[in-house]
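Asker:
In UniProt numbering, the protein residues as written are 1 to 218.
(1) How do the segment 143–163 and the segment 70–83 stand: do at least 3 beta-carbon pairs fall below 8 Å, yes or no?
(2) Just to confirm the assignment, what range does the alpha helix (DSSP H) spanning residue 83 have?
(3) Contact check, residue 129 vs residue 31 under 8 Å by CB: the rounded distance?
(4) So, is residue 211 buried or exposed, given that buried needs 16 or more other C-beta atoms within 10 angstroms?
(5) Taking 8 Å as the cut-off, decide whether the C-beta atoms of residue 41 and residue 95 are in contact.
(6) Three or more C-beta pairs under 8 Å: does that hold for the segment 49–58 against the segment 195–207?
(7) What residue does the beta strand (DSSP E) around residue 138 start on, and which one ends it?
(8) Expressed to the nearest angstrom, what Euclidean distance is found between the alpha-carbon atoms of residue 7 and residue 18?
(9) Mapping DSSP to helix, strand and coil, what is residue 42?
(10) What is the rounded straight-line gap between the Cα of residue 24 and the Cα of residue 14?
(11) Would residue 196 and residue 118 be called neighbours here (beta carbons separated by less than 8 Å)?
(12) Could you say which of 110, 105 and 101 lies nearest to residue 70 if we only look at CA atoms?
(13) Which value, in whole angstroms, describes the spacing of the CA atoms of residue 104 and residue 47?
(14) Quick check: the Cα distance between residue 185 and residue 157, rounded to an integer number of angstroms?
(15) Are the CB atoms of residue 56 and residue 160 within a distance shorter than 8 Å?
(16) Inspect the beta-carbon positions of residue 45 and residue 135 and report whether they are closer than 8 Å.
(17) Would residue 27 pass as a contact of residue 59 if the rule is Cβ separation under 8 Å?
(18) Sorted by chain position, which residues of the same chain lie with C-beta nearer than 8 Å to residue 29's C-beta, five sequence neighbours on each side aside?
(19) So, for residue 93: in the same chain, excluding its five sequence neighbours on each side, which residues have a beta-carbon less than 7 Å away from its beta-carbon?
(20) If you draw a straight line from the alpha carbon of residue 194 to that of residue 179, how long is it in whole angstroms?
(21) Looking at C-alpha atoms only, which residue of 146, 127 and 145 is the closest neighbour of residue 137?
(22) Going by the DSSP bridge assignment, what does residue 69 pair with across the sheet?
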């Protein structure tokens, strides 16, 4: 009986949450006709300044695309309380990774397994950026190893603007404020491309989507 209720409840929660996020931030869901690439097996990577980031990325994607897109999130944050667990498992079908994992290869394997049939949302800075003077932190190496393990998978840069002001760190209630979600062109690891070269190129592709003021402040 619980399972019969959980599925429609998850759908309703997803629908209401997306409506609420759109009302709060002005972010609208894009149609598939606006996208310049196909939805299958993509890694959407974005800047990271709040726990609400993945919801904005999710909300900006075409509705059908969300069905095969999973955010990668910290298990320690979301495995606290039934409401959080319901949201992250049943609504978003997230791939939860232990934040303190000491086996990066295992994490890459988990994400690669998920990429066999789904797309992922990741945040390669590795932690929330709370320094307004630094628009984008250096990327952790995980994005390179994921690309190396999946050379046929495309990585799509997505810049989120103003979300740190909507959901400031340490605050419970969001503040209404217009945000932007800018989706760039896909890229992938070139044959023979070195680790640092890929990290720099993917970093630059994301930063290039930032508003001029942010980009020039680095």
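Heads up, the beta-carbon is just placed ideally off N, CA and C, and yes, glycines get one too.
All of these numbers come straight from a predicted model, not from anything done at the bench.
Answerer: The structure says:
(1) With the rule of 3 Cβ pairs closer than 8 Å, the segment 143–163 does not count as touching the segment 70–83.
(2) Segment 82–86, the alpha helix (DSSP H) holding residue 83.
(3) About 30 Å separates the two Cβ atoms, so there is no contact after all.
(4) Classification of residue 211: exposed, given that the 10 Å Cβ count is below 16.
(5) Here residue 41 is not near residue 95, since their CB atoms are 8 Å or more apart.
(6) Too few Cβ pairs lie closer than 8 Å, so no.
(7) Premise fails: residue 138 is in no beta strand (DSSP E) and is neither H nor E.
(8) Each residue's Cα considered, the two are about 17 Å apart.
(9) Strand.
(10) When rounded, the distance between both Cα atoms is 15 Å.
(11) With a cutoff of 8 Å on beta-carbon distance, residue 196 and residue 118 are scored as not near each other.
(12) Scanning 110, 105 and 101 for the CA closest to the CA of residue 70 turns up 110.
(13) Between residue 104 and residue 47, the alpha-carbon positions lie close to 21 Å from each other.
(14) Those two C-alpha atoms are separated by around 7 Å.
(15) Yes. Within cutoff.
(16) Between residue 45 and residue 135, the CB-CB gap reaches or exceeds 8 Å.
(17) Contact flag set, yes.
(18) Cβ neighbours of residue 29 beyond the five flanking positions: 18, 22, 59, 60, 61, 62 and 63.
(19) So the qualifying residues of the chain are 70.
(20) C-alpha separation (whole angstroms): 35 Å.
(21) Answer by Cα proximity: 127.
(22) Residue pairing by DSSP puts residue 69 in a beta bridge opposite 119.
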